[in-house]
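Worksheet: the structure to be examined is printed underneath.
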Amino acid sequence: MKPSRTLKIVAAMVLVFVAGGLAGSFITVLQIQRAFEKSLQFENWAADTEAKLSRKLSLSPDQRSKTRIIIGDMETEFRSIFSRTFRESAELLVRSGKNLDTLLTPEQRAIHAEMKAELRRNLKKDLKLDLPPE
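For the sequence shown, this note's numbering assigns the number 1 to the initial residue and increments by one for each residue that follows.
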């Protein structure tokens, strides 16, 4: 028995919509990842903030130079805070992993070791961040 023409059209439409949904989801994930990576680059943030303030507030040259100093100081402090926060968070992750290992069987520890290694790889690849050694 041959499939009817209507069934073929419906199947083709479903296939097109599924392919479009998958492609759209993939592109969205890439765009979010790029935006997140850009947001972690403080130089971009400071330059974008300066440009936006200058444009929206119609700053004079004197105001722009003073604004640049304020934003530069804020960028330096923000970078320091972010670095300290990441370092403390990374130390907490490593410490928690060690504490979990004390509860696990040798077989579970082996699996957990691979999970921790995968986390390290993903942080390095996606965020260019390294966890401290165990």
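A virtual CB, placed ideally from N, CA and C, is assigned to each residue, including glycine.
Item                                                                                                       : Value
Span separating the alpha-carbon of Gly120 from that of Val16                                              : Residue 120 is actually Arg in this sequence, not Gly. The straight-line gap from Cα to Cα measures roughly 38 Å.
Touching by the beta-carbon criterion (3+ pairs, under 8 Å), the stretch 92 to 102 and the stretch 8 to 28 : no
Helix, strand or coil at Thr28 according to DSSP, with G and I counted as helix                            : helix
Backbone CA spacing between Pro132 and Gln63 [nearest angstrom]                                            : 42 Å
Residue from Gln33, Gly20, Pro3 and Ala19 with nearest C-alpha to Asn122                                   : Gln33
Rounded Cβ spacing between Gly20 and Ala46 (contact assumed at less than 8 Å)                              : Contact flag wrong, Cβ pair sits at about 38 Å.
Limits of the alpha helix (DSSP H) - the one that Asp101 falls within                                      : Pro61 to Asp101
For Thr49, three-class secondary structure by DSSP                                                         : helix
C-beta atoms of Glu50 and Arg68 nearer than 8 Å                                                            : yes
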